[in-house]
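Enquirer: Order-wise, the sequence lines are chains A and B. The first sequence begins at 1310 in this note's numbering and counts up one residue at a time. The second sequence begins at 3 in this note's numbering and counts up one residue at a time. By construction, the Cβ of each residue, glycine as well, lies at the ideal position given by its N, Cα and C atoms. Since this is a predicted model, take the numbers as computed values, not measurements.
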Amino acid sequence: MKIPFTPLKHLGICALVPLLATAGCTRQKDAEIRIAYDVVWNGSPYEIGESAPDVQGRPVQLERLECYVSDFAIHDVDEGWLPIDTVARIDFSKDDAHAVLTIPGEGDRTIDGLRMGLGVPEDRNVDVDPASYTDPDHPLGYTGSAGLHWGWAAGYIFSVYEGRLLTEPNTLFTYHAGDDLTFRTTELMWEEPWLLECGSKDHNITLVLDAYECLHGVNDTIDPEIDPETHTGNNLPLAIRWVDLYQNAWSIQP
Amino acid sequence: MRVSTTFILGLFLGGLTLVGCDCHGPEPVWNPTPYPLEIPPFFPPMDLPADNPLTEEGVRLGRMLFWETRLSENNAMSCGTCHLPEVSFADPEPYSTGVTGAIGTRNAMALINMGWASSYFWDGRALTLEEQIFEPIPHPDEMNLPWSEAVARLANDDTESDYPQRFFDAFGTTEITADLVSKAIAQFVRIMISSDSKFDQWRRGEASLTDSEYNGYQMFLREGGDPEVVPGGQFGADCFHCHGEAGLQFTDHLFHNNGLDPSFEADPGRALVTGSPLDSGRFRTPTLRNVALSGPFMHDGRFQTLEEVVEHYNSGGVASSTIDPFMKFGSGGLALAPSQKADLIAFLHTLTDTVFTQNPAFQNPH
């Protein structure tokens, strides 16, 4: 049967096209911000495994620096903080350490800040078995969390900072934070807001962790010879001291 | 000459029929049966490669190939020669002996729950099971048979094994390749799952641990060291950092230097793969499942008994440039009392799963 072309049908097609276009646009409107992670030592370029002096001039060799980041938010100058539900595992020994934030599209935004949780949110931590993730490669899944989980009832390791003072004999240090009490948030604002265009995928931010400042802060210094080890549960005060320094060791690359 | 249209049409249709005709009978149909993999309670999902899904036919073929001695130069050695079921598919000798009499340099690892591993060999140089399986057959110190010869032997098989047919059943082709051999064996190894130890039964609420076993489990989970010497020490055995029980696999799948040697000339371990000095002396953490069966222990099989292993960790190990910070080498070791050591070993025995080692589906089918 051949349907005759009628003005009414023509009108229907005309109405459908913008509708379809709108539906497609909504999906495309999601913007992405790619956050790259870099590590420095006292403001200078640094790679895991290198030796660099601490505040007393002793050579420090970091051997493992990993963390979970989560509970992101971007600061829209008009609407305030917009939460973004992302968890990423960052291994600073890898060149491509990064997280990707997907921002639901509601038009262009003007952004002047980023908030980032340092650890795993409480509702995803203790009593959450990595084996329960259907995608084992999820950052909190079985494979994705390898080496960053304390056991099925104990939760995730939020951050790992391990290495040694290359003194004679060597002093090994291990700072593992992972209890809900050690979850921290860092806020990084910038003076010149920038435009996050609807649907844009080409925004890049580099966050820098100064590993030196994880031991030496304005109000506290951790000396690995005196305080070499915490796994949080066995030394909560040291874990809290460490995450407080770690929280303030972040900056955004200009 | 006039030829009728009907005649031409008849010739055309007849030609089409001939072209379509299979003079050798119908093509065999390839219809593999998906393998019903059951993930045990508390285990993570298994990350199966998209290009090698488990099938009944593939697993069956893999089992035959795993035990196939014709894959060795002298027709005397199979994968199962160095991965014996009764010792959790490991080798009771520190080093395996190849077909030429050459001795290996590392202890054959136990094949147990390998479907959850993220790298293979002690140094993690293979990232997939398929990749791992490529190595032992042509290796001169192991089975010493070039892959070309191995696949030719299988392709020309006129025994009841009928490998060409089995490869067709598993992969839809009678063309046997090294790639398909490794895929089949990988399928078989992936279904070798241990989940019925006493500890598994306890976790499922089906069994009770003795006081000694439970104390050992608590030791396993506690931080090591005397708190007077090691800040935060809990007089535990500190096993859980590397042999974590997430997913009930008792390994973190990472690489550690557990303080065996002061230097690494004999075997640099993971550094051979990464080239990083930080990885010198580091080896992959093996699972503790069936550890009571799978000695000797360590990458070089230097310890014969669990008692020796526990004593090594209790001592704190030997200092070196990459010794793991979990080792208590400079602070008096773990300082475990004899009864604590006994409890820890009792716990380790609860990880023994003879249902796994005696599973008829894993034994030699030839």
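Does any residue of chain A bring its CB to less than 8 Å from the CB of B:P46?
Expert: yes
Enquirer: Alpha carbon to alpha carbon, how far is B:D281 from B:F169? Give it in angstroms, no decimals.
Expert: 40 Å
Enquirer: How about the segment 154–163 of chain B and the segment 89–99 of chain B: do they share at least three Cβ pairs that are nearer than 8 Å?
Expert: no
Enquirer: Sort A:G1453, A:D1444, A:Y1484, A:V1429 by Cα distance to A:D1394 and report the nearest one.
Expert: Among A:G1453, A:D1444, A:Y1484, A:V1429, the Cα nearest to that of A:D1394 is on A:V1429.
Enquirer: For B:D198, I'd like the list of residues in its chain whose CB is within less than 7 Å of its CB, leaving aside the five on either flank, ordered along the chain.
Expert: D355, V357, F358
Enquirer: Can you tell me whether A:G1472 is helix, strand or coil according to DSSP?
Expert: strand
Enquirer: To which residues of the same chain is B:L182 closer than 7 Å at the C-beta, ignoring the five residues directly before and after it?
Expert: F169, F173
Enquirer: Can you tell me which residues form a DSSP beta bridge with A:P1392?
Expert: BP columns for A:P1392 point to A:A1382.
Enquirer: How many whole angstroms separate the CB atoms of A:I1535 and A:T1491, which I take to be in contact at a CB cut-off of 8 Å?
Expert: That pair is no contact at about 20 Å.
Enquirer: Counting C-beta neighbours from all protein chains within 10 Å, is the total for A:E1356 16 or more, i.e. buried, or is it exposed?
Expert: exposed
Enquirer: Closer than 7 Å, Cβ to any Cβ of chain A: which residues of the segment 41–75 of chain B, in chain order?
Expert: F44, F45, P46, P47, D49
Enquirer: Within 10 Å of its beta-carbon, does A:T1541 have 16 or more other beta-carbons around it, so buried, or fewer, so exposed?
Expert: Burial call: buried.
Enquirer: What does DSSP give as the partner residue(s) for B:T359 in the beta ladder?
Expert: Answer by DSSP bridge pairing: none, since B:T359 is not bridged.
Enquirer: Where A:G1389 and A:P1502 are concerned, what is the direct C-alpha to C-alpha distance, given to the nearest angstrom?
Expert: 13 Å
Enquirer: Within the continuous alpha helix (DSSP H) that includes B:D345, where are the two ends?
Expert: 340–351
Enquirer: Would you please state the rounded distance, in angstroms, between the beta carbons of B:V191 and B:M116? I believe it to be under 8 Å.
Expert: 5 Å
Enquirer: Between B:L223 and chain A, is the shortest Cβ-Cβ distance under 8 Å, so that the two count as touching?
Expert: Chain A, which has a Cβ nearer than 8 Å to the Cβ of B:L223, makes this yes.
Enquirer: Indicate whether A:R1473 and A:Q1370 have their beta-carbon atoms separated by less than 8 Å.
Expert: Contact check for A:R1473 against A:Q1370 passes: the beta carbons are separated by less than 8 Å.
Enquirer: Quick one: list the residues of chain B neighbouring A:T1443, beta-carbon separation under 8 Å, in chain order.
Expert: P47, listed in chain order.
Enquirer: Ends of the beta strand (DSSP E) at A:V1348?
Expert: 1340–1350
Enquirer: Are there 16 or more other CB atoms within 10 angstroms of the CB of B:I105, so buried, or fewer, so exposed?
Expert: exposed
Enquirer: In angstroms with no decimal places, state the Cα-to-Cα distance between B:L202 and B:V31.
Expert: Residue identity differs from the one stated: residue 202 of chain B is Asp in this sequence, not Leu. Answer to the nearest angstrom: the Cα atoms are 42 Å apart.
Enquirer: Can you tell me the Cβ-Cβ gap for B:P46 and A:G1450, rounded? I've got them flagged as a contact below 8 Å.
Expert: 7 Å
Enquirer: Applying the 10 Å Cβ sphere with the 16-neighbour rule, what's the burial state of B:E132?
Expert: When all chains shown are included, B:E132 counts as buried.
Enquirer: Name the chain B residues that come within less than 7 Å of A:T1452, Cβ to Cβ?
Expert: D49, S120
Enquirer: Closest by CA to B:T289, which one among B:P55, B:F44, B:W118?
Expert: In terms of CA proximity to B:T289, B:W118 leads the group B:P55, B:F44, B:W118.
Enquirer: Using Cβ-Cβ distances below 9 Å, what residues of the segment 1430–1442 of chain A are close to chain B?
Expert: When CB distances to chain B are screened at a threshold of 9 Å, the residues of the segment 1430–1442 of chain A falling below it are D1438, P1439, A1440, S1441, Y1442, in chain order.
Enquirer: Between the C-alpha atoms of A:Q1556 and A:L1410, what's the straight-line distance to the nearest angstrom?
Expert: Straight through space, the alpha carbons of A:L1410 and A:Q1556 are spaced by roughly 20 Å.
Enquirer: On the CB-based measure, 16 or more other CB atoms within 10 Å of its CB, does B:Q360 come out buried or exposed?
Expert: exposed
Enquirer: How would you label A:P1445, buried or exposed, when you count the other beta carbons within 10 angstroms and need 16 or more for buried?
Expert: A buried status is given to A:P1445, since no fewer than 16 other beta-carbon atoms sit within 10 Å of its beta-carbon.
Enquirer: List the whole-angstrom C-beta distance separating A:F1482 from A:E1538, where the pair is believed to meet the contact cut-off of C-beta under 8 Å.
Expert: 7 Å
Enquirer: For the candidate residues B:V232, B:N146, B:V231, whose alpha-carbon lies nearest to that of B:T99?
Expert: B:N146
Enquirer: Where does B:W124 sit, in a helix, a strand or coil, going by DSSP?
Expert: coil
Enquirer: By how many angstroms is the C-alpha of B:I187 removed from the C-alpha of B:R55?
Expert: Sequence check: residue 55 of chain B is Pro here, not Arg. Their Cα atoms are separated by approximately 12 Å.
Enquirer: Taking only beta-carbon atoms, is A:N1543 less than 8 Å away from chain B?
Expert: yes
Enquirer: B:Q220 versus chain A: which residues are under 9 Å apart at the beta carbon?
Expert: Chain A residues near B:Q220: none, gap ~12 Å exceeds 9 Å.
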